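For the sequence shown, position 276 matches number 364 in our numbering, and the numbering has no gaps at all.
Right, one structure below, let's go through it.
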Amino acid sequence: MGELWGAVMNFDLADQADKFVMLLGGLVAFVVLVGGLLLVLDVIPTKLAERREARLAAAADAGVPIAPGAARGREGWLALGFLAPALLLLSIGLIFPAIRTTVLSFMNGDSTRWVGFDNYTWMFGQPDIQNVLLNTLVWVLVVPTLAATIGLLYAIMVDKARGEAVAKALIFLPMAISFVGASIIWKFVYAYRSGEQDQIGLLNQIVVWFGGEPRQWLLEEGFKLNTLLLIVIMIWIQAGFAMVILSAAIKAIPAEIVEAAKIDGTNAWQMFWRITLPAIRAALIVVVVTITIATLKVFDIVRTMTNGNYDTSVIANEMYNQSFRYGETGHGSALAVFLFVLVIPIVIFQIRNIRKQRSEA
C-alpha cells in the first residue's frame with residue numbers, strides 16, 4: 089500500500105502531458121469519425137426524406153397535382169441518397185479488393201508479370217495444396233452436418249423443459265467466445281505431458297484414467313485425427329447458434345397442428361419426422377447454409393491451434409501463409425479467388441430459397 093501511495097505522490101502530470109494530448113486527439117478523431125458516419129448514413133438521408141414528405145403534404149393541401157414522372161425521379165434520387173453511402177463502403181471494402189485480388193491471382197509472386205493460369209494449375213497440382221483442399225472439404229462436410237444435428241437435438245430436448253432459459257444460455261455461451269478464445273480453451277483440453285507427469289489436458293487425463301498412454305493429439309496426422317479434433321471446436325461453437333434458430337422455429341409451429349397430431353395418436357418419432365422436421369425445413373436450411381459459409385472461411389481455429397502444421401491447414405490459412413509468410417501473392421490470391429468461387433453457389437442457393445419461401449407465403 090505504501091509503494092502505491094508513493095507512486096501516486098511521485099506522479100508528475102507535466103511529464104505525461106504528451107500522452108494525454110495523444111489520448112485526447114484519439115478521442116476527438118473517434119468522435120469526428122463516428123459523427124461523420126452518422127451524418128452521412130443517417131442524418132442527411134433522414135432530412136431529405138422529411139423534406140420530401142413535407143413537399144408532398146404541401147402539394148396535397150394546395151391541390152397541386154404531382155406528375156408521376158417527377159415523383160418517380162425524386163424517389164429515385166432519394167433512394168440513391170440512401171444507397172450511396174452503403175455502395176461507397178461496399179466498393180471500398182469489398183468490390184475493389186475482390187477485383188484487385190482476382191487480377192493478382194494471374195500474376196507472379198511479387199506481382200510484377202503476368203503468368204496466366206499458372207497459380208491455379210499450381211493450386212491443383214501441388215500435393216500439399218491438394219491436402220489443404222481435402223481438409224477444407226472434410227470441414228465443410230462434417231461441421232454443418234453435425235452442428236445442425238446437435239443443435240436440433242438440443243432444441244428438441246430443452247423445448248418446454250424446466251430451466252429451458254438457463255439451458256439455452258449455457259449451450260449458446262460458446263457463440264459469445266471468439267474463435268481464438270475457444271481455440272485456447274481447447275488447446276488446454278488437448279494438452280500433452282509425458283506419462284510420468286500429471287496431465288493438465290482433459291482428454292489425456294481421461295485416457296490415463298482408463299489405463300492408456302497420453303498422446304500428442306494435434307501432432308497425429310493419421311486418418312485426419314488432428315483435423316477432426318479441430319473440427320470439434322467449430323461444432324462446439326456453432327451448435328449453440330443452430331439450437332437458437334431451430335428452437336425458435338419449433339416454437340413457431342402452430343399449436344393446433346401439434347394437438348391434432350397427438351389426438352390422432354402420433355408418437356414422438358412420427359411427430360418429429362412428419363410434423364416438426366417439415367415445419368422447420370426453411371430454418372434448417374438457413375442454419376446449414378450459414379454454418380457452411382462460416383466453415384469455408386475458417387481461419388482462427390487452425391491458425392491458433394496448429395498454424396496449419398501437421399497436415400491441418402485449410403484454404404483460408406494457406407491463403408494467409410502464401411500471401412504474408414512466403415511472399416507468394418499470386419498463390420495466395422488464387423486461393424482467395426477459389427474460396428470466393430466456392431461460396432458463390434451457396435449464396436445463390438440461399439437467395440433462391442428465400443425467393444421461393446416468399447412466393448409460397
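Just so it is clear, CB atoms sit at the ideal spot from N, CA and C, and this is done for glycine as well.
Values in this document were obtained by computation on a predicted structure and should not be read as measured data.
In whole angstroms, what is the alpha-carbon distance linking Gly-328 and Ala-382? On the sequence shown, position 240 is the one that residue 328 refers to. On the sequence shown, position 294 is the one that residue 382 refers to. Each residue's alpha carbon lies about 14 Å from the other.
Are the segment 376-392 and the segment 260-270 touching, with three or more C-beta to C-beta distances below 8 Å? yes
Three-pair Cβ contact test at 8 Å for the segment 207-221 versus the segment 389-405: yes
Which stretch, first to last residue, makes up the alpha helix (DSSP H) that contains Gln-39? A query on residue 39 cannot be resolved here, the shown segment of the chain reaching from 89 to 449 and no further.
So, does the segment 178-192 touch the segment 415-432, judging by three or more C-beta pairs under 8 Å? yes
Once you ignore the five residues that flank Gln-287 on each side, which residues in its own chain have a CB closer than 7 Å to its CB? Taking the first residue of the sequence shown as position 1, residue 287 is located at position 199. Around Gln-287: Arg-281, Gln-293, Val-296, Pro-302.
Applying the 10 Å Cβ sphere with the 16-neighbour rule, what's the burial state of Ile-273? The residue labelled residue 273 in the question sits at position 185 within the sequence shown. That one is exposed.
What's the gap between the Cα of Thr-417 and the Cα of Thr-200? Counting from one through the sequence shown, the residue named residue 417 turns up at place 329. Counting from one through the sequence shown, the residue named residue 200 turns up at place 112. Going by the C-alpha atoms only, they are around 11 Å apart.
When the Cα atoms are used, what is the spatial distance from Ala-117 to Phe-108? Your numbering for residue 117 matches position 29 in the sequence shown. Your numbering for residue 108 matches position 20 in the sequence shown. The alpha-carbon atoms of Ala-117 and Phe-108 are separated by roughly 14 Å.
From Asp-206 to Phe-194, what distance separates their C-alpha atoms? In the sequence shown, residue 206 corresponds to position 118, counting from 1. In the sequence shown, residue 194 corresponds to position 106, counting from 1. Each residue's alpha carbon lies about 7 Å from the other.
Mark Thr-400 as exposed unless 16 or more other C-beta atoms lie within 10 angstroms of its C-beta, in which case mark it buried. The residue labelled residue 400 in the question sits at position 312 within the sequence shown. Looking at its Cβ environment, which holds 16 or more other Cβ atoms inside 10 Å, Thr-400 is buried.
Cα separation between Tyr-278 and Met-322? Here residue 278 corresponds to residue number 190 of the sequence shown, with the count starting at 1. Here residue 322 corresponds to residue number 234 of the sequence shown, with the count starting at 1. Near 15 Å, if we compare the C-alpha coordinates of Met-322 and Tyr-278.
Pull up the distance between the alpha-carbon of Trp-177 and that of Asn-441, whole angstroms please. Your numbering for residue 177 matches position 89 in the sequence shown. Your numbering for residue 441 matches position 353 in the sequence shown. A small fix is needed here, since residue 177 is Leu in this sequence, not Trp. Straight-line Cα distance between these residues: approximately 27 Å.
Taking all protein chains shown into account, do 16 or more other C-beta atoms lie within 10 angstroms of the C-beta of Trp-305, making it buried, or fewer, making it exposed? Locating residue 305 in the sequence shown gives position 217, counting from the first residue. Under this definition Trp-305 is a buried residue.
Nearest-angstrom Cα distance between Val-254 and Val-246? Numbered from its first residue, the sequence shown carries residue 254 at position 166. Numbered from its first residue, the sequence shown carries residue 246 at position 158. Looking at the two C-alpha atoms, the distance is approximately 10 Å.
Of the residues Gly-113, Leu-384, Phe-412, Val-431, which one's Cα is nearest the Cα of Gly-197? In the sequence shown, residue 197 corresponds to position 109, counting from 1. It is Phe-412 whose Cα lies nearest to the Cα of Gly-197.
Considering Cα atoms alone, identify which of Phe-212, Phe-360, Leu-261, Leu-229 is closest to Phe-426. The sequence position of residue 426 within the sequence shown is 338, counting from 1. If we check each option's Cα against that of Phe-426, Phe-212 comes out closest.
Counterpart residues of Met-195 in DSSP-defined beta bridges: Here residue 195 refers to the residue found at position 107 when the sequence shown is read from its first residue. Met-195 is bridged to Trp-202.
Status (buried if at least 16 other CB within 10 Å, exposed otherwise) for Val-96: Position 8 of the sequence shown, counting from 1, holds the residue named residue 96. Bear in mind that a pLDDT of 43 at Val-96, under 50, signals an unreliable position, so the number given afterwards is only what the model happens to contain. Under this definition Val-96 is an exposed residue.
For Gly-113, which of helix, strand or coil comes out of DSSP? Here the question's residue 113 lines up with position 25 in the sequence shown. Reduced to three states, the DSSP call for Gly-113 is helix.
Reducing DSSP to helix, strand and coil, say where Asp-399 ends up. In the sequence shown, the residue the question calls residue 399 occupies position 311. Coil, per DSSP.
Minimum C-alpha distance to Ile-432 - residue among Tyr-398, Thr-380, Met-393, Ala-236: Locating residue 432 in the sequence shown gives position 344, counting from the first residue. Checking every option, the nearest Cα to that of Ile-432 belongs to Thr-380.
Of the residues Trp-227, Phe-437, Pro-173, Ala-172, which one's Cα is nearest the Cα of Leu-317? Here residue 317 corresponds to residue number 229 of the sequence shown, with the count starting at 1. Considering only alpha carbons, the answer is Trp-227.
Whole angstroms are fine: how far does the CA of Gly-396 sit from the CA of Phe-276? Translated into the one-based positions of the sequence shown, residue 276 becomes position 188. Translated into the one-based positions of the sequence shown, residue 396 becomes position 308. Those two C-alpha atoms are separated by around 18 Å.
Among Ala-348, Ala-370, Thr-134, Tyr-242, nearest to Ala-337 - alpha-carbon criterion: Within the sequence shown, the letter at position 249 stands for residue 337. Among Ala-348, Ala-370, Thr-134, Tyr-242, the Cα nearest to that of Ala-337 is on Ala-370.
Would you please state the rounded distance, in angstroms, between the beta carbons of Leu-334 and Leu-372? I believe it to be under 8 Å. Locating residue 334 in the sequence shown gives position 246, where the first residue counts as 1. Locating residue 372 in the sequence shown gives position 284, where the first residue counts as 1. About 7 Å; that satisfies the 8 Å criterion.
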